[in-house]
Amino acid sequence: MSTESLRHELIEWIGRLNDADLLRSLLGIKHAVDRTDWAEDLSEEERLSIERGLADLEAGRSASGRAFWSRHGR
Numbered sequence: 037m038s039t040e041s042l043r044h045e046l047i048e049w050i051g052r053l054n055d056a057d058l059l060r061s062l063l064g065i066k067h068a069v070d071r072t073d074w075a076e077d078l079s080e081e082e083r084l085s086i087e088r089g090l091a092d093l094e095a096g097r098s099a100s101g102r103a104f105w106s107r108h109g110r
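Take the sequence shown: its letter number 43 is residue 79 in this note's numbering, and every next letter is one higher.
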């Protein structure tokens, strides 16, 4: 079945649907597909900060959550 045939069949089927829950689920799928990658929305400063953090991690300049909280009173 071609993409065009699939699209046509789905449009007809959705047009006949009366199940609000199913329509909401389909809308959720649409939103998930339409959503852009959050990384594309990062500012240059945020990208640089992430790169610095990754460099620190690769250089061994990191601490476990347990070590962090033991030093900071939790």
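Just so you know, even glycine gets a beta-carbon here, dropped at the ideal spot from N, CA and C.
Following the DSSP letters along the chain, one finds tryptophan 74 in no alpha helix (DSSP H), marked with neither H nor E.
DSSP places serine 61 in the helix class (H, G or I) of the three-state scheme. Scanning its chain for C-beta atoms nearer than 8 Å, with the 5 sequence neighbours on each side dropped, one finds no residue around glutamate 76. The beta carbons of leucine 62 and isoleucine 47 sit no closer together than 8 Å.
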